[in-house]
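Chains as they are written, first to last, in our numbering: chain A, 1 to 212; chain B, 1001 to 1010. Just so you know, even glycine gets a beta-carbon here, dropped at the ideal spot from N, CA and C. All figures in this text were calculated on a predicted structure; none of them were measured in a lab. Take a look at the structure set out below.
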């Protein structure tokens, strides 16, 4: 464990807590893509199957449980309590365009052609694009509540921090994880446009609004 | 460097 990864995981944890906090305080899941949240459940469940057969550490164990549990809880909230505040008409990204290619790529690029390793690869590739329905929704509405942008910013910071973590690991442990690195770079790249608006508007105290 | 999956990462 190094500082970059720990801070990255902390940002990831914080992003989820911010999202849950947003839903409870505004009593709404307006502006949140159900599809992106559902993809995260798929990501965590397929990636953390190793909970059943590999022990890493107490930290690793509880973080995995938290990510699976909290993502399911978010879906649950969106489908029950806050269902009336959700607008499927604007959450229109076609996720089959993500699931299909990720399945094919996972079958080609994996560290071992075994069910759990293929699912792990799949989860890495899927995570890298899982934010697209959310960014698409944001693009469509052209604006976002400030708290929603903090959620997205924390999620982007989490991914960005994994990059120095891999560089650090390359120099200290001499190991590279090409699948995670490639997907991680793609995922971080998707946030660049968002971050530009976040830094130039939200952090200056303005509302998040995309240029017309 | 060796190419391998980092099994302790989340």
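Cross-chain neighbours of residue i in chain B, by beta carbon under 9 Å
| i | result |
| --- | --- |
| residue 186 of chain A | Those within 9 Å of residue 186 of chain A in chain B number zero; the least Cβ separation is about 17 Å. |
| residue 199 of chain A | Going along chain B, no residue has its Cβ under 9 Å from residue 199 of chain A, so there is no contact; the nearest lies around 26 Å. |
| residue 2 of chain A | Chain B residues near residue 2 of chain A: none, gap ~11 Å exceeds 9 Å. |
| residue 111 of chain A | 1003, 1004 and 1005 |
Chain B contact for residue i (CB, 8 Å cutoff)
| i | result |
| --- | --- |
| residue 277 of chain A | Residue coverage of chain A in this structure runs from 1 to 212, which leaves residue 277 of chain A outside it and unanswerable. |
| residue 160 of chain A | no |
| residue 56 of chain A | yes |
| residue 180 of chain A | yes |
| residue 41 of chain A | no |
| residue 5 of chain A | yes |
| residue 174 of chain A | yes |
8 Å Cβ cut-off: residues of chain B touching residue i
| i | result |
| --- | --- |
| residue 170 of chain A | 1001 |
| residue 115 of chain A | Going along chain B, no residue has its Cβ under 8 Å from residue 115 of chain A, so there is no contact; the nearest lies around 15 Å. |
Coarse secondary structure for residue i, derived from DSSP in three states
| i | result |
| --- | --- |
| residue 143 of chain A | strand |
| residue 209 of chain A | strand |
| residue 35 of chain A | helix |
| residue 1007 of chain B | coil |
| residue 27 of chain A | coil |
Counting only runs that start and end within the region 47-80 of chain A, where is the alpha helix (DSSP H) found for 4 or more residues in a row?
Note on the region 47-80 of chain A: whole alpha helix (DSSP H) runs with a minimum of 4 residues are 58-79, in chain order.
Pairing CB atoms from the region 48-66 of chain A with CB atoms from the region 164-172 of chain A, are three or more of them under 8 Å?
With a cut-off of 8 Å, the region 164-172 of chain A and the region 48-66 of chain A do not count as touching, because too few Cβ pairs lie within range.
Check whether the region 191-205 of chain A and the region 77-97 of chain A are in contact - that is, three or more C-beta pairs closer than 8 Å.
Using a C-beta cut-off of 8 Å, the region 191-205 of chain A makes no contact with the region 77-97 of chain A, since fewer than three inter-stretch Cβ pairs fall below that distance.
Length at least 4, wholly inside the region 119-164 of chain A: the alpha helix (DSSP H) runs in chain order
Counting only runs of at least 4 residues, the region 119-164 of chain A fully encloses the following alpha helix (DSSP H) elements, listed from N- to C-terminal order: 132-141.
Could you tell me which uninterrupted alpha helix (DSSP H) segments, each at least 4 residues in length, are contained entirely in the region 92-117 of chain A, listed from first to last along the chain?
The qualifying runs are 96-108.
Considering only residues of the region 171-202 of chain A, which uninterrupted beta strand (DSSP E) runs meet the minimum length of 3 residues and lie entirely inside it, listed in chain order?
Taking only runs of at least 3 residues, no beta strand (DSSP E) segment lies wholly in the region 171-202 of chain A.
Does the contact criterion of 3 or more C-beta pairs under 8 Å hold for the region 115-132 of chain A versus the region 29-41 of chain A?
Contact holds: three or more Cβ-Cβ distances are below 8 Å.
Decide yes or no for the touch test of the region 101-108 of chain A against the region 142-152 of chain A: beta carbon pairs closer than 8 Å, at least 3 of them.
Contact fails between the region 101-108 of chain A and the region 142-152 of chain A, because fewer than three Cβ pairs, one in each stretch, are under 8 Å apart.
Would the region 23-32 of chain A and the region 70-85 of chain A be scored as touching if the rule is three or more Cβ pairs under 8 Å?
As far as the Cβ criterion goes, the region 23-32 of chain A touches the region 70-85 of chain A, which means the pair count is three or higher.
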